[in-house]
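J.: Attaching a single structure in structure tokens format; questions to follow.
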Amino acid sequence: MNRRDAVELVRRGHRFLVTCHRRPDGDALGSALGLAAILRAAGKHAVCYHPEPVPRSLRFLTIGGEPVSKLPDDGPWDGVFVTDTAARSLLPDPFPPPEVSGPVVVVDHHAAHDHFGDLVVREEDACATGEVVLRLMHDLGVREVPPEAARPLYASIVADTGGFRYASTRPETLRIGARLLEAGVDPWEVAYHLFEGWPEQKVLLLREVLATLERRLGGRLAILRVTLDMLARTGADDEMVEGLVNYGRRIEGVDVAALLWERPLGGDGLPRTKVSLRARALDVSTIAVTLGGGGHRAAAAAELPSDMDAVCGRVVEATRRLLDGR
């Protein structure tokens, strides 16, 4: 943990860029927007940057105009903060070069991670990266949550705790949620955008995905599939696939749920399959790591240069080892 060094960097500097990983979830974008607002409350110039279109479910967080989609050309920066990003390969593109970026500060809470960044504030006991951001706020001497930071930070906490349902929810987590509600957050607005408000195409896709359900290893592993043909038939897009793996975990008796997602051919012409993993009590990040990915205990992912059937076999075997305690 280098929170003290990160705070000292902020105190010495004046201009900071804040970003997060590609295809952001609620924690990634929420913690980035919240951190940028906190840096401004601390008297700094801070810009939140993300070059990709913001996912549909998170657009409600961008009412204030951030993040900007074009890399600001008024560098150099005194530092670039990267939130909720466990691997260098997930950095947004373009990313400012070293002569412009200044020190790169990784703010995260993942257990499995690459070793990158000039300063790393990684606190695995936090329920979300948004909680780490709030700790930084306290250390910076910002006493009250800035109004423009409250909603994105609440979204960060709610998204990564599954609406305060996951094992990462502690008494302190609920106190943080209460503090952010006191700052003016509408809890239903956040919950609706994060968990409901689905376009019809996603519901149609869910119907097709559920029809692929199979159970292995005595019913303890549930496998779902998404193919490119399904996406074309339903008119769904990649964003609508996110979260569908959770339906496998909801089944009584299932310890691990896996969603196998067919991806377009890679530049090498090989088929590609993404695996999303969920669990109730087991550590599925160990499965993801064996497949070349990573993540949290209860939620992890990987992408492999193989077809779905081959990847399915590897998932089954890795899950078997996990269930056997090997």
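All residue numbers for the sequence shown refer to the numbering used here, where the first residue is 10 and numbers rise by one.
Positions of the beta carbon are idealized from the N, C-alpha and C atoms, including for glycine.
Since this is a predicted model, take the numbers as computed values, not measurements.
Spatial neighbours of glutamate 312 within its chain, please: C-beta separation below 8 Å, excluding the five flanking residues on both sides.
T.: Within the same chain, glutamate 312 has close Cβ partners Arg272, Arg281, Thr282, Lys283, Val284, Gly301 and Gly302.
J.: Kindly identify the DSSP beta-bridge partner or partners of phenylalanine 173.
T.: DSSP output for phenylalanine 173 lists no bridge partner at all.
J.: Tell me the DSSP secondary structure of threonine 236 in three-state form.
T.: Three-state result, threonine 236: coil.
J.: Smallest Cα separation from valine 154: which of Ala37, Glu191 and His305?
T.: That would be Glu191, whose Cα lies nearest to the Cα of valine 154.
J.: Following the continuous alpha helix (DSSP H) through glycine 88, name the residue where it begins and the one where it ends.
T.: Unbroken run through glycine 88 is the beta strand (DSSP E), 88 to 92; no alpha helix (DSSP H).
J.: Express the C-alpha separation of glycine 228 and alanine 95 in angstroms, rounding to a whole number.
T.: Computed Cα separation, rounded: 32 Å.
J.: Check each candidate in Leu253, Ser78, Met249 and Gly206 and name the one with the smallest Cα separation from alanine 220.
T.: With distances taken between Cα atoms, alanine 220 lies closest to Leu253.
J.: Given a cut-off of 7 Å, decide if proline 103 and glycine 88 are closer than it, judged by their beta-carbon atoms.
T.: No.
J.: What distance in whole Å lies between the Cβ atoms of leucine 44 and valine 109, which are believed to be in contact at a cut-off of 8 Å?
T.: Actually they do not touch by this definition, with Cβ atoms about 19 Å apart.
J.: Can you check DSSP and say which residues form a bridge with glycine 54?
T.: The question names glycine, but residue 54 in the sequence shown is histidine. In DSSP, histidine 54 forms a bridge with Arg24.
J.: Whose CA, out of Pro314, Leu268, Val167 and Ala37, lies closest to the CA of glycine 278?
T.: Among Pro314, Leu268, Val167 and Ala37, the Cα nearest to that of glycine 278 belongs to Pro314.
J.: Measure the beta-carbon distance from leucine 388 to threonine 295 and round it to whole angstroms, keeping in mind my assumption that it falls under 8 Å.
T.: Nothing about residue 388 can be reported from this structure: the residues present for the chain run from 10 to 335 only.
J.: Just to confirm my understanding: we take glycine 304, look at its own chain, exclude 5 residues before and 5 after, and list those with CB closer than 6 Å. What are they?
T.: Around glycine 304: Ser294, Ala297 and Ala310.
J.: Alanine 135 and valine 129 - do their beta-carbons sit closer together than 7 Å?
T.: Not a contact, by the Cβ cut-off of 7 Å.
J.: Near glycine 172, which residues of its chain fall below 7 Å by C-beta distance, leaving aside the five closest residues on each side in sequence?
T.: Only Ala200 and Phe204 meet the Cβ criterion.
J.: Does DSSP put aspartate 117 in a helix, a strand or coil?
T.: In the structure shown, aspartate 117 sits in a strand (DSSP, three-state: E or B).
J.: Looking only at its own chain, which residues have a Cβ that is under 7 Å from the Cβ of leucine 70, when we skip the five neighbours before and after it?
T.: Taken in chain order, the residues that qualify are Leu38, Gly39, Leu42, Arg160, Pro161 and Ala164.
J.: Kindly indicate which three-state DSSP category glutamate 153 falls into: helix, strand or coil?
T.: DSSP places glutamate 153 in coil when its eight states are reduced to three.
J.: Is it buried or exposed, glutamate 209, if we count other Cβ atoms within 10 angstroms and call 16 or more buried?
T.: Exposed, because fewer than 16 other Cβ atoms sit within 10 Å of the Cβ of glutamate 209.
J.: Please name the residue, chosen from Arg323, Tyr175, Ala288 and Val16, that lies closest to aspartate 147 on a Cα-to-Cα basis.
T.: The sequence shown places histidine at residue 147, rather than the aspartate named in the question. Considering only alpha carbons, the answer is Val16.
J.: What residue from Arg144, Pro107 and Asp93 has the CA that sits closest to aspartate 123's CA?
T.: If we check each option's Cα against that of aspartate 123, Asp93 comes out closest.
J.: Helix, strand or coil: how does DSSP classify cysteine 136 here?
T.: Three-state result, cysteine 136: coil.
J.: If you pair each beta-carbon of the stretch 174 to 191 with each one of the stretch 52 to 70, do three or more pairs fall below 8 Å?
T.: Contact fails: fewer than three Cβ-Cβ distances are below 8 Å.
J.: Which same chain residues, not among the five before or five after histidine 119, have their C-beta less than 6 Å away from its C-beta?
T.: The answer, listed in chain order, is Ala95.
J.: Would you list the residues sitting across from glutamate 223 in a DSSP beta bridge?
T.: Looking at the DSSP assignment, glutamate 223 forms a beta bridge with Ile232.
J.: So the candidates are Phe90, Leu48, Pro107 and Leu269; which of them puts its Cα closest to the Cα of arginine 152?
T.: The shortest Cα separation from arginine 152 among Phe90, Leu48, Pro107 and Leu269 belongs to Leu48.
J.: So is valine 212 buried or exposed if we call it buried at 16+ other beta carbons inside 10 Å?
T.: That one is exposed.
J.: So, at 6 Å on beta carbons, what are the nonlocal neighbours of isoleucine 2 in its own chain, with the 5 sequence-adjacent residues on each side left out?
T.: Residue 2 lies beyond the range of the chain shown here (10 to 335); nothing can be said about it.
J.: Measuring CA to CA, which of Pro62, Gly186 and Gly206 is closest to cysteine 29?
T.: Comparing Cα positions, the closest option is Pro62.
J.: Around the Cβ of histidine 59, are there at least 16 other Cβ atoms within 10 angstroms (buried) or fewer (exposed)?
T.: The residue is buried, with at least 16 neighbouring Cβ atoms inside 10 Å.
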